[in-house]
Amino acid sequence: MPSAVVIGMPMKLDDETLMAYADGTLEPERLHAVEEALAGDAAARATVERFRATGALLALAYPEEPVPELLERRVRAMVRPHIGRRQRWTLPLAAGVALTLGLVAGWSVARHGVDPLTAALGRTPSGESREIADGRAITPTATFRDTAGRWCRAFEEVRARGKALGAACREADGAWRLVLLVPEGVAMSGDGYAPAGEEPSPGDALLATLRAGEPVDAATERALIRGGWR
Amino acid sequence: MDEEELVALLPNLRRFARVLCRDDAEADDLVQSTCERALRRADGFAPGTRLDRWLFKMMQNLWLDRARSAATRHRHVDLDAARDLVGADGSRDGEARVMLARVRARIAALPEQQRLVLALVVAEGLGYREAAERLGVPIGTVMSRLARARRSLFDLVGEGGSARGESAPSCQARW
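Going down the list, the sequences are from chains A and B.
Sequential numbering from 1 applies to the first sequence in the numbering used here.
Sequential numbering from 231 applies to the second sequence in the numbering used here.
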């Protein structure tokens, strides 16, 4: 609303000026003139009040409040692999020497390119098999979130010379990255792992450390596949 | 940037995200994505500079990217979100919550550039000039966007508006 009566020199009291005045951020050299103009302009004074009130209202509407526990947990889980990216998998792998052998011996799906894996895991429901390369097929067995909140799938890989238990997680770019591949019959001995046969298999034990919650049911999994995992 | 440093900034980051996003779920997702990107690009952070500023800027860019790609999608704003928050007993507390939910619904309906200026000023605590520098626009542009954003709340703070009173002066200091 334009001010009708201005005492002293003409002064344009636009919204920006009134807001700056309300916020106490008006340039000092303008302060006197603005106050003089405000003295004769009740409507402008009311606008200043309202700008002030919106400041208070916004501070109340967006308070600084505690972060939801889930969010904090996810962020913490995200930081850890970045800080100790190298340690994260070499520690358990070092504990079970045979595992490392399995990876080096050519079980790594990743070495054959991540694309067949991405294609297979993105589209295949648990329980169904899909060939990913010459004579090698995978069968997803479960879908779950990891501690960083990513979607992951456990699967069995079958090839000519045996089987392996694997897990891959979906990265932000949509690619499924292998995080775990354990040949069947491998036992982890040493720190924290019991001899094979007495405890869950090493693959299952590693899977359990990866998993943040229970696997999703078949309907949820179907919806994820349909929705492109978003 | 260590774990505790990042976690300590989460409340601020989330507040920033809540001004930008339409609901809390979207805001939490933005916070998470920002942390992910920050961790991936940790090498880009210059030690000795302010981590919070670096993260806020990253969140701003991430949000702008998303807003651009979402521009073609539906634009849904639940202006009636406030209704769900009405206390069953119509208590004062309930009224206040309704009021604040209404404020958030109004903000959610604002043009993106106005929301962004609000986030910079209200949540990050930047002055007009700092906000202008961050956005690479003249200070007058920042002031006009901010004034328009706040004018959209005027009818909520009119005569007898419940936001008036003691809290105003303490807030004034942070603007």
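Yeah, the Cβ is synthetic: ideal placement off N, Cα and C, and Gly gets one too.
Next on the checklist: Let me confirm a value: P140 (chain A) is counted as buried when at least 16 other C-beta atoms fall within 10 Å, else exposed. Which label applies?
Outcome noted: Against the first sequence, residue 140 (chain A) aligns to sequence position 140. Answer is buried; the Cβ neighbour count reaches 16.
Next on the checklist: Given this structure, state the Cα-to-Cα distance separating E214 (chain A) from S299 (chain B), to the nearest angstrom.
Outcome noted: Looking up residue 214 (chain A) in the first sequence gives position 214. Looking up residue 299 (chain B) in the second sequence gives position 69. For E214 (chain A) and S299 (chain B), the distance between alpha carbons rounds to 33 Å.
Checklist entry - Using a Cβ-Cβ cut-off of 8 Å (strictly less than) and excluding sequence neighbours within five positions of V333 (chain B), which residues of its own chain qualify? => result Along the second sequence, one-based indexing puts residue 333 (chain B) at 103. Correct list, in chain order: L383, L386.
Checklist entry - Using a Cβ cut-off of 9 Å, which residues of the region 50-71 of chain A contact any Cβ in chain B, in chain order? => result If the cut-off is 9 Å between Cβ atoms, the region 50-71 of chain A has R50, F51, R52, A53, T54, G55, A56, L57, L58, A59, L60, A61, Y62, P63, E64, E65, P66, V67, P68, L70, L71 near chain B.
Item to check | Amino acids of chain A, ordered along the chain, whose beta-carbon sits closer than 7 Å to that of V261 (chain B) | outcome: Counting from one through the second sequence, the residue named residue 261 (chain B) turns up at place 31. Under the 7 Å cutoff, chain A gives L71.
Checklist entry - From B:Q290, B:L281, B:V367, pick the residue whose C-alpha is nearest to that of A238 (chain B); which is it? => result Position 8 of the second sequence, counted from the start, is the residue given in the question as residue 238 (chain B). Of B:Q290, B:L281, B:V367, the residue nearest in Cα terms is B:L281.
Item to check | Backbone CA spacing between A245 (chain B) and V347 (chain B) [nearest angstrom] | outcome: Your numbering for residue 245 (chain B) matches position 15 in the second sequence. Your numbering for residue 347 (chain B) matches position 117 in the second sequence. The sequence as given places Arg at residue 245 (chain B); Ala does not occur at that position. Using only the alpha carbons, I get a separation of about 14 Å.
Item to check | Under 8 Å by beta carbon: chain B residues contacting G149 (chain A) | outcome: The residue given as residue 149 (chain A) occupies position 149 in the first sequence. Within chain B, the residues near G149 (chain A) are Q262.
Next on the checklist: Just to check my reading of the structure: T143 (chain A) and E221 (chain A) have Cβ atoms closer than 8 Å, yes? What is that Cβ distance to the nearest angstrom?
Outcome noted: Along the first sequence, read from residue 1 onward, the residue named residue 143 (chain A) stands at position 143. Along the first sequence, read from residue 1 onward, the residue named residue 221 (chain A) stands at position 221. Their Cβ separation, rounded to whole angstroms, is 5 Å, which keeps T143 (chain A) and E221 (chain A) in contact under 8 Å.
Checklist entry - Cα separation between L292 (chain B) and W229 (chain A)? => result To locate residue 292 (chain B), count along the second sequence from 1; it is residue 62. To locate residue 229 (chain A), count along the first sequence from 1; it is residue 229. Each residue's Cα considered, the two are about 20 Å apart.
Next on the checklist: Starting from A154 (chain A), trace the beta strand (DSSP E) in both directions and tell me its first and last residue.
Outcome noted: In the first sequence, the residue the question calls residue 154 (chain A) occupies position 154. It spans 151-159 - the beta strand (DSSP E) in which A154 (chain A) sits, taken as one unbroken run.
Item to check | Length of the line joining the Cα atoms of R269 (chain B) and E36 (chain A) | outcome: Start at 1 with the first residue of the second sequence, and residue 269 (chain B) comes out as number 39. Start at 1 with the first residue of the first sequence, and residue 36 (chain A) comes out as number 36. Contrary to the premise, residue 269 (chain B) reads as Leu rather than Arg in this sequence. When rounded, the distance between both Cα atoms is 53 Å.
Checklist entry - Tell me which same chain residues have a C-beta within less than 6 Å of the C-beta of M78 (chain A), skipping the five on either side of it? => result Residue numbering aside, residue 78 (chain A) sits at position 78 when the first sequence is read from its first letter. The residues are A148.
Next on the checklist: Measuring straight from C-alpha to C-alpha, what distance separates E16 (chain A) and E363 (chain B)?
Outcome noted: As a position in the first sequence, residue 16 (chain A) is number 16, starting the count at 1. As a position in the second sequence, residue 363 (chain B) is number 133, starting the count at 1. About 18 Å.
Item to check | Supposed contact pair A349 (chain B) and L250 (chain B) - C-beta distance, whole angstroms, cut 8 Å | outcome: Stepping through the second sequence from its first residue, residue 250 (chain B) is reached at position 20. Stepping through the second sequence from its first residue, residue 349 (chain B) is reached at position 119. That pair is a contact at about 5 Å.
Next on the checklist: Check for me: the alpha helix (DSSP H) holding A167 (chain A) runs from which residue to which?
Outcome noted: By 1-based counting over the first sequence, the position of residue 167 (chain A) is 167. Here A167 (chain A) belongs to no alpha helix (DSSP H); instead the beta strand (DSSP E) covers 162-170.
Item to check | Beta-carbon neighbours of N242 (chain B), restricted to chain A and to distances below 8 Å | outcome: Here residue 242 (chain B) refers to the residue found at position 12 of the second sequence. Result: E64.
Item to check | Rounded C-alpha distance that separates L340 (chain B) from T54 (chain A) | outcome: Mapped onto the second sequence, residue 340 (chain B) falls at position 110. Mapped onto the first sequence, residue 54 (chain A) falls at position 54. About 15 Å.
Next on the checklist: Using the three-state DSSP reduction, which class does A94 (chain A) fall into: helix, strand or coil?
Outcome noted: Locating residue 94 (chain A) in the first sequence gives position 94, where the first residue counts as 1. Only weak support is given to the placement of A94 (chain A): the predicted model assigns it a pLDDT of 36, under 50, and the question is left unresolved by the model.
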